[in-house]
Amino acid sequence: MYMAPITAAKAPVSTTAQRLTGLVVLPVSAMVMVPFLVGYAVYAVAALGLRGLFKAPRALRDMVDYAGQVALGR
Numbered sequence: 014m015y016m017a018p019i020t021a022a023k024a025p026v027s028t029t030a031q032r033l034t035g036l037v038v039l040p041v042s043a044m045v046m047v048p049f050l051v052g053y054a055v056y057a058v059a060a061l062g063l064r065g066l067f068k069a070p071r072a073l074r075d076m077v078d079y080a081g082q083v084a085l086g087r
C-alpha cells in the first residue's frame, strides 16, 4: 500500500477567508457554466425536435391504428 510522505499539518483557513474566496469563485464559475448549460439545452431541444419531426408521421399512424383497434376490438 502506497502512503504519501509525512508532512507537517497546515493551520485551518479562517471562515472569513473561505467566504471571501467563495464570493469571488462562485460568480466566476457561474459565468463559465451558465453559457455552457444554455448551449447544451439549445442542442438538446434541437436534437429532440428534429428526431420528433422525422418520427412524427409513424407515430401518428401508430396512434390511428391503436385508436381503431380499441374502437373495433382487438
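For the sequence shown, my numbering gives the first residue as 14, with consecutive numbering after it. Think of the CB as a built atom: it goes at the ideal place given N, C-alpha and C, for glycine as much as any other residue. Model, not experiment: these values are computed from the prediction.
Taking DSSP as the reference, what is the three-state secondary structure of residue i?
i, result
"S42", "helix"
"A54", "helix"
"A80", "helix"
"P25", "coil"
"R87", "coil"
"A17", "coil"
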